[in-house]
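So the structure is just underneath, and the comments pick up after that.
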Amino acid sequence: MARLDVSIVKRLPGFTLDARWEARENVVALFAPSGAGKTLTLQCLAGLLRPDDGRIVVDDRVFFDARAGVDLSSQSRRIGYVFQGYALFPHLTVADNVGFGLRNRSRAERHARTGAIIARLGLSGLEGRYPRELSGGQRQRVALGRALAIDPALLLLDEPLSALDLPTRATLRDELRSTLLQCGVPAVLVTHDFAEAYRLGDRIVVYEAGRVIQSAPRSELLWQPASEAVARIMGIRNILHGTVIKASPDRIQLRWRGLTMEAVNSPTQAYLPSSEAPIAFFIRPEYVRLIRKDRGAPDPGHHMNLMSGRVVAEADFGTTVALMIRLDEPGEPAQGEYDLEVEVPRLVYEILEIDRDRHWQLSIHRGSIQVLPA
Amino acid sequence: MTPEATSALALSLRVACLATLLNAVFGIPLAYVLARRRFRGQTLVDLLVTLPLVLPPTVTGYYLIVLLGRRGWLGSPLYAATGWTVAFTWYAAVIAATVMALPLLVRTARAAIESVDRDLERAAYTLGRPEWRTALEVTLPLARNGILAGLVLAFARALGEFGATLMLAGNIPGKTATVPLAIYSAVQTGETGDALLLVGLLTALSCVVLVVAGRLGARAA
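In order, the protein sequence lines correspond to chains A and B. One rule links them: number in my numbering = place in the first sequence (from 1) + 73. One rule links them: number in my numbering = place in the second sequence (from 1) + 1.
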């Protein structure tokens with residue numbers, strides 16, 4: 074298992090990177106919108122940029138330690154770096170690109186290793202081509218092959234899929250995942266796409282403006298964003314604000330839009346705000362239930378957090394439909410024109426004839442309301 | 002063609018070739034360093050290299066005399082030690098042409114080097130190449146067309162050098178009189194035939210050079 078201890082302080086004009094995180098997982102995804110310092114982190118890990126302060130340890134090798142005066146050069150760190158846009162040498166063939174880092178090996182060994190990598194990444198037959206003669210997906214594989222050829226201690230991938238068109242992207246993402254699993258090299262990848270971070274990373278480190286705002290195993294991050302800022306960066310919908318009524322280690326009662334709601338407290342964070350404190354929470358649109366009108370009166374033991382409202386707008390995503398619902402409660406809607414976004418599968422939309430029937434009772438299980446610690 | 006014209010042409014070609022060679026040896030590393038490194042005094046170095054482009058050539062020539070003349074800063078210790086001075090030899094013509102051509106090469110080559118994607122160099126570093134090897138294997142090969150265009154322009158500039166050469170090397174027929182100087186003398190003494198021939202030759206050569214440099218530049222872009 075890999076061990077990565079990263080602590081970097083780098084002051085640049087108008088931007089300060091101050092990032093700390095640790096990982097024992099094999100693949101770490103650094104996730105944030107652009108300009109948050111993810112690429113700078115990779116450059117520091119690779120020794121291309123010298124931090125002002127901090128310490129970088131990969132397995133048992135200290136790459137950088139400001140206090141001890143350790144700063145290994147890029148050349149001696151044995152880093153496989155897949156650059157955004159791939160940075161393939163345009164004047165060299167596929168084989169020469171892949172073999173570029175094997176210069177100090179014997180000719181025979183270099184030949185064998187290059188051949189093995191090319192075969193493994195499905196690039197056979199393209200050895201003599203130049204990068205400009207390759208498709209986007211092939212270029213990505215050459216860049217990955219060039220980085221893996223040196224048998225790296227750490228693999229760095231900067232937006233490895235962003236240069237590809239959408240259909241190729243999904244295929245290459247799964248392919249990249251299996252390559253990363255197979256080769257077993259610890260990897261740090263940078264992405265601004267949460268789905269990509271979630272699919273590829275065992276641990277996700279969320280950056281905002283040069284700082285780490287959360288670092289967690291991917292499933293924990295998905296269900297327990299550490300704060301409203303993390304939830305917003307993840308693109309979570311229905312982030313709402315209410316008032317605490319009562320908080321206990323396993324439940325939180327809160328008031329929102331004149332309704333009393335019950336949520337499960339976060340098991341790892343055991344967040345205990347005092348009563349009347351403002352609280353942020355979110356409700357995943359796909360976890361809101363519409364109550365069928367043909368099944369009799371709702372059972373209060375089964376349905377929790379009942380409310381009713383009217384569909385004021387909808388967005389058709391093909392396989393699902395998003396309904397913007399305005400509650401019957403008086404007062405300003407929470408999100409502009411509406412209070413809640415609810416996502417239903419198209420089949421449900423058609424069976425319930427939602428296009429015709431616009432007024433609905435809703436229920437939200439308390440486990441589907443996640444509180445966001447302040 | 003008179004013997005004077007023939008020797009002027011031979012001398013000019015020799016001077017221009019040598020000046021181009023010196024430009025390559027000093028100018029390419031200088032362009033690389035200016036493009037890729039940040040160091041104290043960089044602006045000054047940049048200024049000194051570029052000045053001959055805007056100064057009247059006679060002023061550049063004057064500075065060269067101050068530096069290399071028999072009583073110059075470098076020239077006088079050299080004269081004291083060896084009894085030899087570079088002034089009024091054909092070497093002086095080479096030096097003058099080199100200095101005058103240098104800004105053209107350095108500026109063109111520098112722009113070409115700066116246009117090479119830095120990630121390519123970073124990739125080479127992570128793959129174990131030290132900076133100087135990266136420059137030789139990645140940066141300079143990729144900036145090749147721009148550098149060649151710069152060398153062609155430098156050659157043309159060296160071939161046409163007049164003012165600085167006149168100051169430092171003088172106008173000694175058969176010794177330091179390059180084509181531009183020979184044209185000047187020929188016009189002064191009324192040898193119109195020689196002047197016309199050399200003017201035509203120089204014009205034709207310059208046209209060729211411009212076309213070649215333009216093609217290289219277009220391929221570099």
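For glycine and all other residues, C-beta sits at the position ideal for the given N, C-alpha and C.
Can you check whether the C-beta of residue i is within less than 8 Å of a C-beta belonging to chain B?
{"i": "ALA119 of chain A", "result": "yes"}
{"i": "GLY209 of chain A", "result": "no"}
{"i": "ARG176 of chain A", "result": "yes"}
{"i": "ALA105 of chain A", "result": "no"}
{"i": "PRO163 of chain A", "result": "yes"}
{"i": "PHE487 of chain A", "result": "Lying before the first or after the last residue shown, residue 487 of chain A is absent from chain A, which here runs from 74 to 447."}
{"i": "PHE173 of chain A", "result": "yes"}
{"i": "ALA160 of chain A", "result": "yes"}
Determine whether the Cβ of residue i lies closer than 8 Å to any Cβ atom of chain A.
{"i": "GLY129 of chain B", "result": "yes"}
{"i": "ARG220 of chain B", "result": "no"}
{"i": "LEU217 of chain B", "result": "no"}
{"i": "ASP118 of chain B", "result": "yes"}
{"i": "ALA124 of chain B", "result": "yes"}
{"i": "LEU149 of chain B", "result": "no"}
{"i": "VAL31 of chain B", "result": "Strictly speaking, residue 31 of chain B in this sequence is Leu, with Val absent from that position. False, the Cβ-Cβ gap to chain A never drops below 8 Å."}
{"i": "LEU121 of chain B", "result": "yes"}
Beta strand (DSSP E) containing residue i: first to last residue?
{"i": "TYR154 of chain A", "result": "152 to 155"}
{"i": "ALA316 of chain A", "result": "The amino acid at residue 316 of chain A is misidentified as Ala; the sequence shows Thr. 312 to 320 is the extent of the beta strand (DSSP E) around THR316 of chain A."}
{"i": "PRO30 of chain B", "result": "First-last for PRO30 of chain B: 29 to 37, but that is the alpha helix (DSSP H), not the beta strand (DSSP E)."}
{"i": "SER288 of chain A", "result": "284 to 290"}
{"i": "ALA96 of chain A", "result": "88 to 96"}
{"i": "ALA6 of chain B", "result": "Counting along the chain, ALA6 of chain B falls outside any beta strand (DSSP E), though it belongs to the alpha helix (DSSP H) covering 4 to 23."}
{"i": "PRO351 of chain A", "result": "351 to 356"}
{"i": "VAL60 of chain B", "result": "From DSSP, VAL60 of chain B is part of no beta strand (DSSP E) but of the alpha helix (DSSP H) over 58 to 69."}
{"i": "GLN443 of chain A", "result": "442 to 445"}
{"i": "LEU230 of chain A", "result": "227 to 231"}
Taking the alpha helix (DSSP H) that residue i belongs to, which residues open and close that run?
{"i": "VAL279 of chain A", "result": "First-last for VAL279 of chain A: 276 to 281, but that is the beta strand (DSSP E), not the alpha helix (DSSP H)."}
{"i": "MET377 of chain A", "result": "Note, MET377 of chain A: premise wrong, no alpha helix (DSSP H); not H, not E."}
{"i": "GLY164 of chain B", "result": "164 to 170"}
{"i": "SER251 of chain A", "result": "239 to 256"}
{"i": "ALA1 of chain B", "result": "Residue 1 of chain B lies beyond the stretch modelled for chain B, which goes from 2 to 222, so this question has no answer here."}
{"i": "VAL79 of chain A", "result": "Per DSSP, VAL79 of chain A belongs to no alpha helix (DSSP H); it is in the beta strand (DSSP E), 77 to 85."}
{"i": "THR114 of chain A", "result": "111 to 119"}
{"i": "ASP47 of chain B", "result": "43 to 55"}
{"i": "ILE309 of chain A", "result": "Element bounds for ILE309 of chain A: n/a, residue is neither H nor E."}
Looking only at DSSP bridge pairs, what is residue i linked to?
{"i": "TYR411 of chain A", "result": "A:GLN408"}
{"i": "GLU335 of chain A", "result": "A:GLN326"}
{"i": "HIS432 of chain A", "result": "A:ARG383"}
{"i": "LEU400 of chain A", "result": "A:GLY382"}
{"i": "LEU103 of chain A", "result": "A:VAL263 and A:VAL278"}
{"i": "PHE156 of chain B", "result": "Bridge partners of PHE156 of chain B: none, in fact."}
{"i": "GLU416 of chain A", "result": "A:ALA395"}
{"i": "ILE129 of chain A", "result": "A:VAL79 and A:PHE137"}
{"i": "LEU363 of chain A", "result": "A:LEU435"}
{"i": "ALA449 of chain A", "result": "With chain A running from 74 to 447 in the structure shown, residue 449 of chain A is simply not present."}
- Any chance you could list the alpha helix (DSSP H) runs of at least 4 consecutive residues sitting entirely within the segment 78 to 131 of chain B, in chain order? 91 to 115 and 119 to 127
Closer than 8 Å between beta carbons: that is the criterion. Which residues of the segment 134 to 146 of chain B meet it against chain A?
VAL139, PRO142 and LEU143
Practice task
Select from the segment 124 to 157 of chain A all residues with a C-beta closer than 7 Å to any C-beta belonging to chain B, and list them in chain order.
Solution key: SER147, GLN148, ILE152, TYR154 and PHE156
Original post:
If you measure beta-carbon to beta-carbon, which residues of the segment 220 to 251 of chain A are closer than 7 Å to chain B?
Top reply: ILE223
Next on the checklist: What ranges does the alpha helix (DSSP H) occupy inside the segment 132 to 209 of chain A, keeping only unbroken runs of at least 4 residues that lie completely in it?
Outcome noted: 147 to 150, 167 to 171 and 180 to 193
Listed in chain order, which residues of the segment 342 to 360 of chain A have Cβ atoms closer than 9 Å to some Cβ of chain B? none
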